[in-house]
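Here's the structure, in structure tokens; my notes come after.
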Amino acid sequence: MCELRAEGAEKNQNKGTNMENQNNKDIHSVIISLLEEEHNKEAAKIARLLLNQFPDDMDAHLLLGLALMNDKKYDKSRRVISNALVKFPKEWRLHEIMGHIYGHLNRLTEAEKHYNLAIENASEADEEETAMLHFYLAESLWGQSNRDDAIANWKLALEINPDCTNAKEALEEKINEYGEPKAPSPVFDELYHFQGIHLNRYYSLVRRDEFIKEEEAKDVIGIIMNGWNQFVSPRSRDIDNMTHEERSAFFKTITLDFKDVVVKWKNKK
221 MCELRAEGAE KNQNKGTNME NQNNKDIHSV IISLLEEEHN KEAAKIARLL LNQFPDDMDA
281 HLLLGLALMN DKKYDKSRRV ISNALVKFPK EWRLHEIMGH IYGHLNRLTE AEKHYNLAIE
341 NASEADEEET AMLHFYLAES LWGQSNRDDA IANWKLALEI NPDCTNAKEA LEEKINEYGE
401 PKAPSPVFDE LYHFQGIHLN RYYSLVRRDE FIKEEEAKDV IGIIMNGWNQ FVSPRSRDID
461 NMTHEERSAF FKTITLDFKD VVVKWKNKK
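Under the numbering used here, the first residue of the sequence shown carries the number 221, and numbering increases by one thereafter.
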């Protein structure tokens, strides 16, 4: 997962909810300089001293959590940010850092939660910052194999900020030639594309866009896999020599018989 950059903290240090005096801001700048030079332990020491003296200084919480996170003290960083969120529950930058921390801990469900909370509360964030929040959210979603929502958030990041190179690179890396999320191997790219075509046909027949029960999913996926084995696998050599447009067109010529499962599931809720 990506780390919050020190310059991002500097850019936003005037957005805190507490009334900070100039001395505090000067100390914030010193801590930020140390973070930029990767002197994380020294930055954490100064931030902790500042926080002990000014427990309502939101930026002191943020900078201490950031220094500890960058020093890979993830549990300590999480405790600092958790305490800060008790006082400042709607501070989007705290939720952003908490998302990073949970990402480092591979607790991606919690990371997703905090990135969403950051987005919900980021009314004062600029376009670059908002785009990066969607980029981070996409990373956490992709790590949970929620590929479609991850792709949607990377695309949204680019809509918000067309210069978001992180999102551009992610899409180039994660989208296959069909414009769909990449599978673990090219063979599965073909299978998932075939599956998607015929799932959409089934959904149009039952006038829904999702399965209502696991049994329905098994019935439909079973028909699709049988179709793959019957019509596609025997022509694997021919398919290897096709372009992706030709493969997609071929997959669409195949008709699968969903009649029985449509009768079984169409009117169920």
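Where is the CB? At the ideal position from N, CA and C, for every residue including glycine.
- I432 sits exposed, since fewer than 16 C-beta atoms from the chains shown fall within 10 Å of its C-beta.
- Annotation: the region 338–376 contains the following complete segments of the alpha helix (DSSP H) (minimum length 4 residues), in chain order: 347–363.
- Counting only runs of at least 4 residues, the region 239–292 fully encloses the following alpha helix (DSSP H) elements, listed from N- to C-terminal order: 242–256, 260–273, 278–290.
- Within its own chain, the residues whose Cβ lies closer than 7 angstroms to the Cβ of R268, once the five positions on either side in sequence are excluded, are L284, listed in chain order.
- Relative to T350, the option among Y335, S360, W362 whose CA is nearest is Y335.
- For I432, the secondary structure class from DSSP, reduced to helix, strand or coil, is coil.
- The residue among N243, E257, L286, V250 with its C-alpha nearest the C-alpha of Q273 is N243.
- Taking the C-beta atoms as reference points, N290 is found nearer than 9 angstroms to L255.
- Between H464 and E397 the beta-carbon gap is near 4 angstroms, inside 8 angstroms, which marks them as a contact.
- A direct Cα-Cα distance of roughly 10 angstroms separates E435 from I441.
- In the structure shown, P309 adopts coil according to DSSP, grouped into three states.
- Beyond the five residues adjoining it in sequence on each side, L270 comes within less than 6 angstroms, by CB distance, of I247, A280 in the same chain, given in chain order.
- By the neighbour-count criterion, in which a residue is buried when 16 or more other Cβ atoms sit within 10 angstroms of its Cβ, N420 is exposed.
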